[in-house]
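Asks:
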Amino acid sequence: MNEPHFRRDGAWVGASVPRREDPRLLAGRGRFVDDVALPGMLHAQFVRSTVAHGRIVAVDLDEVRAVPGVVAAFSAADLGLGDVTALLDRPPHEFVPTSMPVLARDKVRFVGEPVAIVVARDPYAAEDGVEAAVVEYEDLDPVVTDTAALADGAPLVHAEAPRNTLVDVSLFATEGIDEVFAEAPCVVRVRTKTGRQNALPLETRGVVASWDDRDEQLHVQTNTQIPHQVRTVLASCAGLAEKQVRVTVPDMGGGFGQKCVVGREEIAAAAAALRLRRPVKWIEDRRDALTAAFLAREQRYDVRAAFDADGHILGLDADVVCDMGAYSCYPFTAGIEPLMASAEMPSVYKVPAYRVRGRAITTNKAPTGPYRGVSRPQYVMVMERLMERAARELGIDPVEIRRRNVITVFPYTGVNRITYDPGSYRESLDLCEQVLRDEGWYDVRDSGRVIGIGYSCFSERTGYGSGAFAQRKMRVVPGFDISEIRMDVSGTVSATTGTMSHGQSHETTMAQIVADRLGLDIAQVKIVQGDTDRITYGWGSFASRSITIGGSAVAAASEKLGDQLREIAAHLLDADVDGCELDGAGGVRLRDDPARRLSFAELADVAYLRAHLLPKGVGPGLSATASFDVPGDGTFSNATHGVVVELDPGTGGVEILRYVCVEDCGVAIHPQIVEGQCRGGIAQGIAGALFEQVTYDDAGQPLAPSLMEYKVPTAAEIPDIVIHHLETPCAFTANGAKGAGEGGTIGAPAAVLNAVNDALRGTGVELDDTPISREAVHRALEGTHG
Amino acid sequence: MAEIQLVELTVNGERRDLAIEPRRTLVDVLRHDLGLTGTHVGCEHGICGACTVLVDGAPVRACLVFAAQVEDADIRTVESLSAPDGSLSDLQQEFSAHHGLQCGFCTPGFLMLAEGFLAERPDATKEEIREVVASNLCRCTGYQTIVEAVDTCAARRREGTCA
Numbered sequence: 001m002n003e004p005h006f007r008r009d010g011a012w013v014g015a016s017v018p019r020r021e022d023p024r025l026l027a028g029r030g031r032f033v034d035d036v037a038l039p040g041m042l043h044a045q046f047v048r049s050t051v052a053h054g055r056i057v058a059v060d061l062d063e064v065r066a067v068p069g070v071v072a073a074f075s076a077a078d079l080g081l082g083d084v085t086a087l088l089d090r091p092p093h094e095f096v097p098t099s100m101p102v103l104a105r106d107k108v109r110f111v112g113e114p115v116a117i118v119v120a121r122d123p124y125a126a127e128d129g130v131e132a133a134v135v136e137y138e139d140l141d142p143v144v145t146d147t148a149a150l151a152d153g154a155p156l157v158h159a160e161a162p163r164n165t166l167v168d169v170s171l172f173a174t175e176g177i178d179e180v181f182a183e184a185p186c187v188v189r190v191r192t193k194t195g196r197q198n199a200l201p202l203e204t205r206g207v208v209a210s211w212d213d214r215d216e217q218l219h220v221q222t223n224t225q226i227p228h229q230v231r232t233v234l235a236s237c238a239g240l241a242e243k244q245v246r247v248t249v250p251d252m253g254g255g256f257g258q259k260c261v262v263g264r265e266e267i268a269a270a271a272a273a274l275r276l277r278r279p280v281k282w283i284e285d286r287r288d289a290l291t292a293a294f295l296a297r298e299q300r301y302d303v304r305a306a307f308d309a310d311g312h313i314l315g316l317d318a319d320v321v322c323d324m325g326a327y328s329c330y331p332f333t334a335g336i337e338p339l340m341a342s343a344e345m346p347s348v349y350k351v352p353a354y355r356v357r358g359r360a361i362t363t364n365k366a367p368t369g370p371y372r373g374v375s376r377p378q379y380v381m382v383m384e385r386l387m388e389r390a391a392r393e394l395g396i397d398p399v400e401i402r403r404r405n406v407i408t409v410f411p412y413t414g415v416n417r418i419t420y421d422p423g424s425y426r427e428s429l430d431l432c433e434q435v436l437r438d439e440g441w442y443d444v445r446d447s448g449r450v451i452g453i454g455y456s457c458f459s460e461r462t463g464y465g466s467g468a469f470a471q472r473k474m475r476v477v478p479g480f481d482i483s484e485i486r487m488d489v490s491g492t493v494s495a496t497t498g499t500m501s502h503g504q505s506h507e508t509t510m511a512q513i514v515a516d517r518l519g520l521d522i523a524q525v526k527i528v529q530g531d532t533d534r535i536t537y538g539w540g541s542f543a544s545r546s547i548t549i550g551g552s553a554v555a556a557a558s559e560k561l562g563d564q565l566r567e568i569a570a571h572l573l574d575a576d577v578d579g580c581e582l583d584g585a586g587g588v589r590l591r592d593d594p595a596r597r598l599s600f601a602e603l604a605d606v607a608y609l610r611a612h613l614l615p616k617g618v619g620p621g622l623s624a625t626a627s628f629d630v631p632g633d634g635t636f637s638n639a640t641h642g643v644v645v646e647l648d649p650g651t652g653g654v655e656i657l658r659y660v661c662v663e664d665c666g667v668a669i670h671p672q673i674v675e676g677q678c679r680g681g682i683a684q685g686i687a688g689a690l691f692e693q694v695t696y697d698d699a700g701q702p703l704a705p706s707l708m709e710y711k712v713p714t715a716a717e718i719p720d721i722v723i724h725h726l727e728t729p730c731a732f733t734a735n736g737a738k739g740a741g742e743g744g745t746i747g748a749p750a751a752v753l754n755a756v757n758d759a760l761r762g763t764g765v766e767l768d769d770t771p772i773s774r775e776a777v778h779r780a781l782e783g784t785h786g
Numbered sequence: 001m002a003e004i005q006l007v008e009l010t011v012n013g014e015r016r017d018l019a020i021e022p023r024r025t026l027v028d029v030l031r032h033d034l035g036l037t038g039t040h041v042g043c044e045h046g047i048c049g050a051c052t053v054l055v056d057g058a059p060v061r062a063c064l065v066f067a068a069q070v071e072d073a074d075i076r077t078v079e080s081l082s083a084p085d086g087s088l089s090d091l092q093q094e095f096s097a098h099h100g101l102q103c104g105f106c107t108p109g110f111l112m113l114a115e116g117f118l119a120e121r122p123d124a125t126k127e128e129i130r131e132v133v134a135s136n137l138c139r140c141t142g143y144q145t146i147v148e149a150v151d152t153c154a155a156r157r158r159e160g161t162c163a
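From first to last, the protein sequence lines are chains A and B. According to the UniProt record's numbering, the stretch in the first sequence is residues 1 to 786, in order. According to the UniProt record's numbering, the stretch in the second sequence is residues 1 to 163, in order.
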């Protein structure tokens, strides 16, 4: 079993304290969006396109309105809302702006696209209503694959986007790179296609919207990772002032990026509530979640790498095509995958010459958005395949070739003009290999069974400040975070964070940070998140930014409050401020005379109830606000994953015998939670490598509309995972923490794919596509293992 | 308008009378008619197991059962596990100790699955527990800590050292 990890005497940070979220969630007393019930509440469902590409000739909702229990039905024309438009400040040849109507207006672009919203007394009646809708389409030819979309004369998904290309950027073309390739003793190439995936939070998307006459405000309770951005888009689409919209987020059943874009359904439901002046709830069903929610990861890579005879990489030349589906997501845009891949592909390796072209292609499939890891699972897979292929060609051990190429001197500025802060790239690789050797897996590998060992070595930027997003040229630039902390009359504190937990335990980890900075018990700290009325501003949770950026803002605000407390104490104790310090036990003491102290409760009593005693120039009350943005290019967590697999020649099945992860996310605020993030991420990475894929037929009809077809791995497929921690503290975040949310997902597909290929050694077959098909494994083994 | 049917259910030991449409599923009745929102809905087609409750002691997908079908049964939901004062059962405590939950959405389903299974098979091995845990989906934990939580709970119950 996992013993709790307690560390650092007396400090909350570094201690795996019991999670404060657990008691309510375990007792069934959490409050998720579908648990919200308001008086007079109505229920919405959407009429969705049944064709992948078509002109809307007519939407007839008369029959819908006649269905018993149906209260109203609205088409795009009925609601008259503005569009959702995500923009990049890039020149027209690099980016074509397109917009996404809240309900399809003239045209539908994928099966599942919302065309009308039906509002009824209960969800059953709403579904009855949807069945009664009559929508007439004039069929247009769909483009279902990126290659079809790029073909001459292909039908256009958006008339304004020639060749169905939304983003086309060529970056980092090192001068002389062609000569590097011409003269290199070894050039290897990887062409790969990765499957479209669904982030699949167990809780589907949902919203409860209601107009409050007293607050003169539309209150939207929605399970979003980015509450302030939902407010902005909603206000803009509905023509409201931002103050007329309040977005709050209840408990959230996972998100993984799928809930960090603004969804059209949450706006449509809110608009319906505004029209009807009655609360409207929409809860996405699983079929809609599988066919119409934001997807990710369908990419095609054609990458060459040049090596010298000793296995040092000389150059990298990459072409990346991302199939973004029908619409560009807000706020990240269709550039999210190609721009991420283009900027960061060199990964942990010293790459002297680099050229890359990245494209976002639009097709008649459900749109895509961010999903845990964003492009990094794919380009890491490509880089790690290139390493393995070069190792094989040059006769070098696959771990050794990595050793020769990983960055070891920090800070390191790459050919991609990104500066990497210190990490343990080499150390994690060495330790991971050592663990598998010590456990005897290399002996097992050579015992005659069809066993392979694979590695992946990677880093991941986890401190994306505004600088990083500005470089991407997003029109709306995420990055900073603001925290406000208040001490109440009793001396306990509430701290806000603009980040939004969807399972990562902010109520615990953020409280640990505050408790340490102020010298308080975490029971004295309350964390407030997910409420645009109570939180000044925030950028939500994605890109593993909560602890690095949100946590740093919380720490900075705490320190400011600590300074206020010291100033008041100094006055009351008739001492210098510099001579006063927080005593680690909920009070301020004189450094030279620790017996003279005032508790926070005593100081708060003065600040609120006896303000006349405060020093001159110090106002009543106790609160502080601080913001944090990331200096430079951010911080990089890193890890090496090592996997042992056994292949079944009979079925082509892949069984994972051992999974070892050596991770470094700097200082772990709560080691048990870090391990949880690792394991969950690895499970999603294994899912991408071996199981999950969203597929469509030639007409653009989804072939995996239920969990019968979309294979999410269970406890039977996901192995136990051994985790070793290294710790390279970050120099600029609070506590030295780096982000920990995505690494598992990033490392797993590459390691699994390399392990499968290692097991296939001697067959002459190498597999590069994911998910790895049983058929391909079976075919490769046929004949060699009768 | 669909017809309305009178249905009597026994949930967590309490008799509840309902006037509902026959097509109303057990999970919707529990959540929306009885206000027992601890049981969750993840897929409505019987795969994810988030809606697992005990019907006469056996784990059942409450999204696949009509409330009218279980009139004579004893139904237990996650709300029955902790004491009225909110203190957690041994199984719930092991989930917390092992970090067997993150977002907590699938958790009630796993708890009821494990509660039903351990009542029937107190001597289950860890491998058998893993097999049963494979009935439900979790998207956060990677399952290992759920298996460990259930296994530790089983071991402690056998040793009589329940938390």
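From the three backbone atoms N, C-alpha and C, an ideal C-beta is built for every residue, glycine too.
Taking one C-beta from the stretch 497–513 of chain A and one from the stretch 244–264 of chain A each time, how about it: are there three or more such pairs within less than 8 angstroms?
Replies: With a cut-off of 8 angstroms, the stretch 244–264 of chain A and the stretch 497–513 of chain A count as touching, because enough Cβ pairs lie within range.
Asks: Quick check on histidine 93 of chain A: buried or exposed, where buried means 16 or more other Cβ atoms within 10 Å of its Cβ?
Replies: By one-based count along the first sequence, residue 93 of chain A stands at place 93. The residue in question, histidine 93 of chain A, is exposed, as its Cβ has fewer than 16 Cβ neighbours within 10 Å.
Asks: Using a Cβ cut-off of 7 angstroms, pull out every chain A residue sitting near alanine 134 of chain B, in sequence order please.
Replies: Reading the second sequence from its first residue, position 134 is the one you call residue 134 of chain B. Going along chain A in sequence order, the residues near alanine 134 of chain B (Cβ under 7 angstroms) are Thr714, Ala715 and Ala716.
Asks: Which residues bound the alpha helix (DSSP H) around arginine 461 of chain A?
Replies: For this step, residue 461 of chain A is matched to residue 461 along the first sequence. From DSSP, arginine 461 of chain A is part of no alpha helix (DSSP H) but of the beta strand (DSSP E) over 451–461.
Asks: If we define contact as Cβ-Cβ less than 8 angstroms, is arginine 277 of chain A a contact residue for chain B?
Replies: If you number the first sequence from 1, residue 277 of chain A lands on position 277. Closer than 8 angstroms: no.
Asks: If serine 627 of chain A and phenylalanine 480 of chain A are in contact, beta carbons under 8 angstroms, what's the gap, nearest whole angstrom?
Replies: Locating residue 627 of chain A in the first sequence gives position 627, where the first residue counts as 1. Locating residue 480 of chain A in the first sequence gives position 480, where the first residue counts as 1. Confirmed, about 5 angstroms.
Asks: Just reading off the beta strand (DSSP E) that arginine 196 of chain A is part of, what are its end residues?
Replies: As a working mapping, residue 196 of chain A is identified with position 196 in the first sequence. That residue, arginine 196 of chain A, is in no beta strand (DSSP E); it is neither H nor E in DSSP.
Asks: Just to make sure I have the definition right: I need the residues of chain B whose C-beta is within less than 9 angstroms of the C-beta of glycine 688 of chain A. Which are they?
Replies: Locating residue 688 of chain A in the first sequence gives position 688, counting from the first residue. Near glycine 688 of chain A there are no residues of chain B at all, since even the closest Cβ is about 13 angstroms away, more than 9 angstroms.
Asks: Please confirm if valine 7 of chain B has its CB atom under 8 angstroms from at least one CB of chain A.
Replies: Here residue 7 of chain B refers to the residue found at position 7 of the second sequence. Not one chain A Cβ lies under 8 angstroms of valine 7 of chain B.
Asks: Could you say if the stretch 117–130 of chain B and the stretch 695–707 of chain A meet the contact criterion of at least three C-beta pairs nearer than 8 angstroms?
Replies: Touching, no, given that fewer than three Cβ pairs across the two stretches are closer than 8 angstroms.
Asks: Rounding to the nearest angstrom, what Cα-Cα distance links alanine 543 of chain A and methionine 340 of chain A in this structure?
Replies: Looking up residue 543 of chain A in the first sequence gives position 543. Looking up residue 340 of chain A in the first sequence gives position 340. Their Cα atoms are separated by approximately 11 angstroms.
Asks: Within the same chain, show all residues whose beta-carbon is closer than 7 angstroms to that of aspartate 593 of chain A, passing over the 5 residues directly before and after it, in chain order.
Replies: Working through the first sequence from its first residue, we reach residue 593 of chain A at position 593. No residues qualify anywhere along the chain.
Asks: Using a Cβ-Cβ cut-off of less than 8 angstroms, give me the residues of the stretch 29–45 of chain A that come near chain B, in sequence order.
Replies: So the close ones are Arg29, Gly30, Arg31, Phe32, Asp34, Asp35 and Ala37.
Asks: How about the stretch 198–210 of chain A and the stretch 263–271 of chain A: do they share at least three Cβ pairs that are nearer than 8 angstroms?
Replies: Contact between the stretch 198–210 of chain A and the stretch 263–271 of chain A is present, because at least three Cβ pairs lie under 8 angstroms.
Asks: Which two residues bound the contiguous beta strand (DSSP E) that contains glycine 54 of chain A?
Replies: As a first step, residue 54 of chain A must be located in the first sequence, where it is residue number 54. Per DSSP, glycine 54 of chain A belongs to the beta strand (DSSP E) from 54–60.
Asks: Give the DSSP-derived three-state secondary structure of isoleucine 313 of chain A in the structure shown.
Replies: What you label residue 313 of chain A is simply residue 313 of the first sequence in a count that begins at 1. The answer is strand: DSSP assigns isoleucine 313 of chain A an E or B state.
Asks: Just tell me which of A:Phe74, A:Arg90, A:Val525 and A:Gly463 has its CA closest to the CA of valine 102 of chain A.
Replies: As a working note, residue 102 of chain A is residue 102 in the first sequence. Nearest C-alpha to valine 102 of chain A: A:Phe74.
Asks: List, in order along the chain, the chain A residues whose C-beta lies closer than 7 angstroms to that of proline 108 of chain B?
Replies: Counted from its first residue, the second sequence places residue 108 of chain B at position 108. Ordered by position in chain A, the residues that pass the 7 angstroms Cβ test against proline 108 of chain B are Gly28.
Asks: Hey, is the stretch 30–43 of chain A in contact with the stretch 97–111 of chain A, meaning 3+ C-beta pairs nearer than 8 angstroms?
Replies: No: fewer than three Cβ pairs fall under 8 angstroms.
Asks: Less than 8 angstroms between CB atoms is the rule here; does isoleucine 673 of chain A satisfy it with respect to chain B?
Replies: For the purposes of this step, residue 673 of chain A is taken as the residue at position 673 of the first sequence. Yes - at least one Cβ of chain B is within 8 angstroms of the one on isoleucine 673 of chain A.
Asks: When DSSP labels each residue in this structure, what does leucine 274 of chain A get in the three-state scheme?
Replies: For the purposes of this step, residue 274 of chain A is taken as residue 274 along the first sequence, with counting starting at 1. Helix.
Asks: Whole angstroms are fine: how far does the CA of glutamine 258 of chain A sit from the CA of proline 367 of chain A?
Replies: In the first sequence, the residue the question calls residue 367 of chain A occupies position 367. In the first sequence, the residue the question calls residue 258 of chain A occupies position 258. Rounded to whole angstroms, proline 367 of chain A to glutamine 258 of chain A spans 11 angstroms at the Cα level.
Asks: Using only alpha-carbon positions, find the residue among A:Lys365, A:Ala296 and A:Gly747 that is nearest to histidine 158 of chain A.
Replies: Taking the first residue of the first sequence as 1, we reach residue 158 of chain A at position 158. Histidine 158 of chain A has its Cα closest to that of A:Lys365, out of A:Lys365, A:Ala296 and A:Gly747.
Asks: Measuring alpha carbon to alpha carbon, tell me which residue in A:Val96, A:Pro123, A:Leu240 and A:Glu484 is nearest leucine 166 of chain A.
Replies: Within the first sequence, the letter at position 166 stands for residue 166 of chain A. Ranking the options by Cα distance to leucine 166 of chain A, first place goes to A:Val96.
Asks: Over the uninterrupted alpha helix (DSSP H) stretch that includes histidine 228 of chain A, give me the two end residues.
Replies: Residue mapping note: residue 228 of chain A aligns to position 228 of the first sequence, counting from 1. Segment 227–238, the alpha helix (DSSP H) holding histidine 228 of chain A.
Asks: Helix, strand or coil: which one does DSSP assign to glycine 786 of chain A?
Replies: Position 786 of the first sequence holds residue 786 of chain A. Any reading at glycine 786 of chain A must be qualified, since the residue scores a pLDDT of 48, below 50, and its modelled position is unreliable; no value is offered.
Asks: Counting beta carbon pairs with one atom in the stretch 58–76 of chain B and one in the stretch 106–119 of chain B, are three or more of them shorter than 8 angstroms?
Replies: Yes, the stretch 106–119 of chain B is in contact with the stretch 58–76 of chain B.
Asks: So, for tyrosine 143 of chain B: in the same chain, excluding its five sequence neighbours on each side, which residues have a beta-carbon less than 7 angstroms away from its beta-carbon?
Replies: Here residue 143 of chain B refers to the residue found at position 143 of the second sequence. For tyrosine 143 of chain B, where only same-chain residues beyond five positions count, the Cβ hits under 7 angstroms are Val133.
Asks: Mind checking histidine 612 of chain A: buried by the 16 CB within 10 Å criterion, or exposed?
Replies: Translated into the one-based positions of the first sequence, residue 612 of chain A becomes position 612. It is exposed - the Cβ of histidine 612 of chain A has fewer than 16 other Cβ atoms within 10 Å.
Asks: Which residues in the same chain as valine 7 of chain B place their Cβ atom closer than 7 angstroms to its Cβ, once the five residues preceding and following it in sequence are excluded?
Replies: Counted from its first residue, the second sequence places residue 7 of chain B at position 7. Hits under 7 angstroms: Leu18, Ile20, Ala67, Ala68 and Glu71.
Asks: Do you know whose CA, among A:Glu63, A:Ile453 and A:Gln564, lies nearest lysine 616 of chain A's CA?
Replies: Translated into the one-based positions of the first sequence, residue 616 of chain A becomes position 616. Nearest C-alpha to lysine 616 of chain A: A:Gln564.
Asks: If you run the structure through DSSP and keep just helix, strand and coil, what is leucine 140 of chain A?
Replies: For the purposes of this step, residue 140 of chain A is taken as the residue at position 140 of the first sequence. Leucine 140 of chain A falls in the coil class under three-state DSSP.
Asks: Where does glutamate 427 of chain A sit, in a helix, a strand or coil, going by DSSP?
Replies: Here residue 427 of chain A refers to the residue found at position 427 of the first sequence. Of the three classes helix, strand and coil, the one that applies to glutamate 427 of chain A here is helix, per DSSP.
Asks: At a CB-CB cut-off below 7 angstroms, which residues of chain B make contact with leucine 25 of chain A?
Replies: Taking the first residue of the first sequence as 1, we reach residue 25 of chain A at position 25. Chain B residues near leucine 25 of chain A: Leu101, Gly104 and Thr107.
Asks: Beta carbon of alanine 624 of chain A, beta carbon of alanine 553 of chain A: below 8 angstroms?
Replies: Counted from its first residue, the first sequence places residue 624 of chain A at position 624. Counted from its first residue, the first sequence places residue 553 of chain A at position 553. Cβ atoms of alanine 624 of chain A and alanine 553 of chain A: not closer than 8 angstroms.
Asks: Please list, in chain order, the chain B residues whose beta carbon lies closer than 7 angstroms to that of methionine 500 of chain A.
Replies: Here residue 500 of chain A refers to the residue found at position 500 when the first sequence is read from its first residue. In chain order: nothing, as chain B lies at least about 12 angstroms away.
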